[in-house]
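One structure below.
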Amino acid sequence: MKWLEEGHDLHIIWFTDGRAGYRKARKENKLEDCEETRITEEELAKIRLAEANAAGEFLGVKKENRYFLKFYDSELNKNIGKAVEQIRDIVKDADRFVIPSNNNKHHDHQATHDIAVRIAEELNLKDLEFYVYTLYNPLKAQGDHLIKIKLGDLRFKVYEALKIHKSQFYSRDMGWQTDAMREVRRQRFGVFHLKDKGKFYNF
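With our numbering, letter number 202 in the sequence shown gets 185, and the count goes up by one each step, no holes.
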């Protein structure tokens, strides 16, 4: 949102379709049993994609800059090569990527990281900045590689964007995680270039 305010041409790529969103919660008995959750994974995928698109609209990302590749949720690691080819023209002139951390317990997030690094190497994007956000692992970036971005009142807009993903709130943990967003004053990122690959735990 800060970059949009500064006039940057922002693009968002959704790699997966969200169809597996209820699997783990249902298995762990953390999914609300109601009409909205008694649906097929195909139906959930359509809902999740629509919610993501609506959130992108709300955040101010232009329609033509929102991409949905629709790989099956939880199977992105099987489609890394295909994903790289599909995003090649989208990212060929990019100067920044925002990606999940490396050594990631979430298979789709790890695959997203791997796709981003691989396409940057293939396109020789030596000046590209990778903004790496932490998910499950501590961000072990040091010195100039670790930055903290103050959110200020933007955190309230992030909160509203998260609430657009209504289907996620049938999982018990999602509510308190979203509410906590209103209290987050800053976000940490590791900022790297290709030359830093392998020198840091999360890149």
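Glycine is no exception: its CB is placed at the ideal position from the N, C-alpha and C atoms.
Give a yes or no on whether the C-beta atoms belonging to residue i and residue j are separated by under 8 angstroms.
i           : j           : result
residue 175 : residue 115 : yes
residue 59  : residue 94  : yes
residue 91  : residue 56  : yes
residue 144 : residue 42  : yes
residue 103 : residue 177 : yes
residue 124 : residue 173 : yes
residue 25  : residue 2   : yes
residue 37  : residue 132 : no
residue 137 : residue 169 : no
residue 78  : residue 112 : yes
residue 10  : residue 156 : no
Alpha carbons only, please: which of the options is nearest the one belonging to residue i?
i           : options          : result
residue -3  : 23, 33, 18, 11   : 33
residue 185 : 17, 97, -14      : 97
residue 63  : -1, 125, 3       : -1
residue 15  : 158, 54, 180, 40 : 158
residue 130 : 171, 160, 39     : 171
residue 20  : 11, 4, 35        : 4
residue 108 : 13, 141, 72, 76  : 76
residue 83  : 117, 54, 71      : 117
residue 183 : 166, 126, 69, 46 : 126
residue 8   : 167, 154, 180    : 154
residue 45  : 6, 88, -16, 70   : -16
residue 73  : 22, 101, -6      : -6
residue 166 : 50, 35, 89, 142  : 142
residue 149 : 35, 181, 88      : 35
residue 48  : 29, 160, 70      : 70
So what does residue i bridge to, in DSSP terms?
i           : result
residue 129 : 173
residue -4  : 50
residue 112 : 79
residue 154 : 14
Residue i: buried (16+ other C-beta within 10 angstroms of its C-beta) or exposed?
i           : result
residue 151 : buried
residue 31  : buried
residue 139 : exposed
residue 27  : buried
residue 128 : buried
residue 86  : exposed
residue -10 : exposed
residue -13 : exposed
residue 39  : buried
Entirely within the region 20 to 106 and at least 3 residues each: give me those beta strand (DSSP E) ranges in chain order. Contiguous beta strand (DSSP E) elements confined to the region 20 to 106 occur at 49 to 54, 79 to 83, taking only those with 3 or more residues.
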